[in-house]
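In the numbering used here, the protein residues as written are 13 to 174.
For glycine and all other residues, C-beta sits at the position ideal for the given N, C-alpha and C.
Right, dumping it as C-alpha coordinates:
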(Lines of atoms letter the chains of each structure in order from A and count residues from 1; the text may use other names and numbers.)
(Lines give C-alpha, C1' and ligand atoms only; values in the text may rest on other atoms or scores of the structure.)
Protein backbone atom coordinates (compact mmCIF):
# COMPACT_ATOMS: atom_id res chain seq x y z
CA UNK A 1 0.00 0.00 0.00
CA UNK A 2 1.38 3.36 -1.05
CA UNK A 3 1.61 6.19 1.48
CA UNK A 4 -0.24 9.41 0.52
CA UNK A 5 1.84 12.53 -0.14
CA UNK A 6 3.00 14.34 3.01
CA UNK A 7 0.99 17.48 2.19
CA UNK A 8 -2.25 15.46 2.19
CA UNK A 9 -1.37 13.80 5.47
CA UNK A 10 -0.63 17.15 7.08
CA UNK A 11 -3.93 18.53 5.80
CA UNK A 12 -5.84 15.60 7.22
CA UNK A 13 -4.02 15.89 10.52
CA UNK A 14 -4.70 19.63 10.76
CA UNK A 15 -8.36 19.16 9.80
CA UNK A 16 -8.69 16.47 12.48
CA UNK A 17 -7.07 18.74 15.05
CA UNK A 18 -9.42 21.61 14.16
CA UNK A 19 -12.46 19.30 14.40
CA UNK A 20 -11.34 17.99 17.80
CA UNK A 21 -10.68 21.51 19.07
CA UNK A 22 -14.10 22.74 17.88
CA UNK A 23 -15.85 19.76 19.49
CA UNK A 24 -13.90 20.30 22.72
CA UNK A 25 -14.74 24.02 22.82
CA UNK A 26 -18.43 23.34 22.14
CA UNK A 27 -18.42 20.77 24.94
CA UNK A 28 -16.72 23.20 27.34
CA UNK A 29 -19.30 25.87 26.48
CA UNK A 30 -22.09 23.46 27.40
CA UNK A 31 -23.46 23.39 23.86
CA UNK A 32 -25.54 20.44 22.71
CA UNK A 33 -23.55 20.28 19.49
CA UNK A 34 -22.33 22.00 16.34
CA UNK A 35 -23.79 22.10 12.85
CA UNK A 36 -21.23 22.66 10.11
CA UNK A 37 -21.65 22.82 6.35
CA UNK A 38 -19.68 23.16 3.17
CA UNK A 39 -19.17 26.81 2.22
CA UNK A 40 -20.87 26.37 -1.18
CA UNK A 41 -23.82 24.35 0.15
CA UNK A 42 -27.19 26.12 0.37
CA UNK A 43 -29.70 24.92 2.95
CA UNK A 44 -31.98 22.12 1.76
CA UNK A 45 -34.35 20.17 3.97
CA UNK A 46 -33.82 16.44 4.28
CA UNK A 47 -30.74 14.25 4.62
CA UNK A 48 -27.52 15.54 3.04
CA UNK A 49 -23.80 14.87 3.19
CA UNK A 50 -23.05 18.60 2.88
CA UNK A 51 -24.15 19.37 6.45
CA UNK A 52 -22.75 17.65 9.52
CA UNK A 53 -24.12 17.58 13.07
CA UNK A 54 -21.58 17.01 15.82
CA UNK A 55 -23.31 16.27 19.13
CA UNK A 56 -21.88 16.64 22.60
CA UNK A 57 -22.82 13.89 25.06
CA UNK A 58 -22.32 13.62 28.78
CA UNK A 59 -22.60 10.68 31.19
CA UNK A 60 -24.26 11.34 34.54
CA UNK A 61 -25.33 9.21 37.47
CA UNK A 62 -29.03 8.76 38.29
CA UNK A 63 -31.10 6.37 40.41
CA UNK A 64 -33.06 3.64 38.69
CA UNK A 65 -36.76 3.81 39.55
CA UNK A 66 -37.91 0.97 37.32
CA UNK A 67 -38.05 -0.53 33.86
CA UNK A 68 -40.71 -0.13 31.20
CA UNK A 69 -40.96 -3.20 28.96
CA UNK A 70 -43.46 -4.01 26.24
CA UNK A 71 -43.20 -6.97 23.86
CA UNK A 72 -41.72 -5.93 20.52
CA UNK A 73 -40.57 -2.53 21.80
CA UNK A 74 -37.34 -1.17 23.21
CA UNK A 75 -37.01 -1.31 27.00
CA UNK A 76 -36.64 1.95 28.93
CA UNK A 77 -35.08 2.70 32.29
CA UNK A 78 -37.11 5.15 34.39
CA UNK A 79 -34.70 7.40 36.27
CA UNK A 80 -34.61 9.83 39.19
CA UNK A 81 -32.19 12.52 40.26
CA UNK A 82 -29.87 11.07 42.93
CA UNK A 83 -31.19 11.30 46.47
CA UNK A 84 -34.58 12.75 45.49
CA UNK A 85 -36.60 9.82 44.16
CA UNK A 86 -38.12 12.38 41.80
CA UNK A 87 -38.67 11.18 38.22
CA UNK A 88 -36.15 12.82 35.88
CA UNK A 89 -36.74 10.99 32.59
CA UNK A 90 -36.23 7.74 30.73
CA UNK A 91 -33.37 6.20 28.78
CA UNK A 92 -33.05 3.32 26.31
CA UNK A 93 -31.50 0.26 27.90
CA UNK A 94 -28.47 -0.41 25.70
CA UNK A 95 -26.79 -3.04 27.86
CA UNK A 96 -25.60 -6.39 26.56
CA UNK A 97 -27.92 -9.36 27.11
CA UNK A 98 -26.22 -10.58 30.29
CA UNK A 99 -26.35 -7.14 31.95
CA UNK A 100 -29.97 -6.59 30.81
CA UNK A 101 -31.05 -9.92 32.33
CA UNK A 102 -29.23 -9.14 35.60
CA UNK A 103 -30.88 -5.70 35.73
CA UNK A 104 -34.33 -7.13 34.97
CA UNK A 105 -33.89 -9.81 37.66
CA UNK A 106 -32.86 -7.18 40.22
CA UNK A 107 -35.89 -5.00 39.38
CA UNK A 108 -38.31 -7.97 39.56
CA UNK A 109 -36.89 -9.20 42.89
CA UNK A 110 -37.32 -5.78 44.48
CA UNK A 111 -40.50 -4.65 42.74
CA UNK A 112 -42.58 -2.03 44.50
CA UNK A 113 -45.25 0.59 43.89
CA UNK A 114 -44.50 3.47 41.53
CA UNK A 115 -43.57 6.82 43.06
CA UNK A 116 -45.96 9.74 42.74
CA UNK A 117 -46.12 11.19 39.26
CA UNK A 118 -45.27 7.98 37.40
CA UNK A 119 -48.15 7.06 35.13
CA UNK A 120 -46.23 4.86 32.71
CA UNK A 121 -46.80 1.09 32.77
CA UNK A 122 -43.58 -0.14 34.32
CA UNK A 123 -42.10 -2.52 36.87
CA UNK A 124 -40.74 -0.36 39.64
CA UNK A 125 -37.62 -1.40 41.53
CA UNK A 126 -36.15 -0.73 44.94
CA UNK A 127 -34.17 2.45 45.54
CA UNK A 128 -30.41 2.21 45.66
CA UNK A 129 -29.53 1.17 42.12
CA UNK A 130 -27.19 3.66 40.45
CA UNK A 131 -27.48 4.11 36.71
CA UNK A 132 -24.95 5.80 34.46
CA UNK A 133 -26.82 7.52 31.64
CA UNK A 134 -25.35 8.94 28.45
CA UNK A 135 -27.41 11.82 27.01
CA UNK A 136 -27.06 14.98 24.97
CA UNK A 137 -25.53 17.83 26.89
CA UNK A 138 -27.95 20.65 27.48
CA UNK A 139 -30.52 21.98 29.88
CA UNK A 140 -33.63 20.27 28.52
CA UNK A 141 -33.46 16.98 30.40
CA UNK A 142 -32.76 13.71 28.64
CA UNK A 143 -32.44 13.65 24.88
CA UNK A 144 -31.07 10.63 23.04
CA UNK A 145 -30.48 9.00 26.43
CA UNK A 146 -29.14 5.49 26.90
CA UNK A 147 -28.40 3.48 30.04
CA UNK A 148 -24.69 2.60 30.02
CA UNK A 149 -24.52 0.48 33.19
CA UNK A 150 -26.05 0.03 36.62
CA UNK A 151 -24.87 -1.07 40.04
CA UNK A 152 -26.10 -1.32 43.61
CA UNK A 153 -25.09 1.76 45.57
CA UNK A 154 -24.69 -0.42 48.67
CA UNK A 155 -22.73 -3.45 47.47
CA UNK A 156 -22.57 -5.03 50.94
CA UNK A 157 -26.31 -5.78 50.91
CA UNK A 158 -25.98 -7.40 47.49
CA UNK A 159 -23.38 -9.86 48.80
CA UNK A 160 -25.31 -10.71 51.95
CA UNK A 161 -23.10 -8.86 54.43
CA UNK A 162 -24.17 -5.94 56.59
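Counted as a single uninterrupted DSSP element, the alpha helix (DSSP H) harbouring residue 115 occupies residues 109-121.
When the beta-carbon positions are compared, residue 92 and residue 86 stay at least 7 Å from each other. As computed with DSSP, residue 66 is found in a beta bridge with 46. With distances taken between CA atoms, residue 106 lies nearest to 145 out of 145, 37, 46 and 124. A straight-line Cα-Cα distance of about 18 Å links residue 118 and residue 97. When secondary structure is reduced to three states using DSSP, residue 89 falls in the strand class. Each residue's CA atom was taken as its position, placing residue 108 and residue 95 some 27 Å apart.
The alpha carbon of residue 76 has as its nearest neighbour, out of 161, 90 and 32, the alpha carbon of 90. DSSP lists 73 and 161 as the beta-bridge partner residues of residue 144. Annotated three-state conformation of residue 99 is strand, per DSSP.
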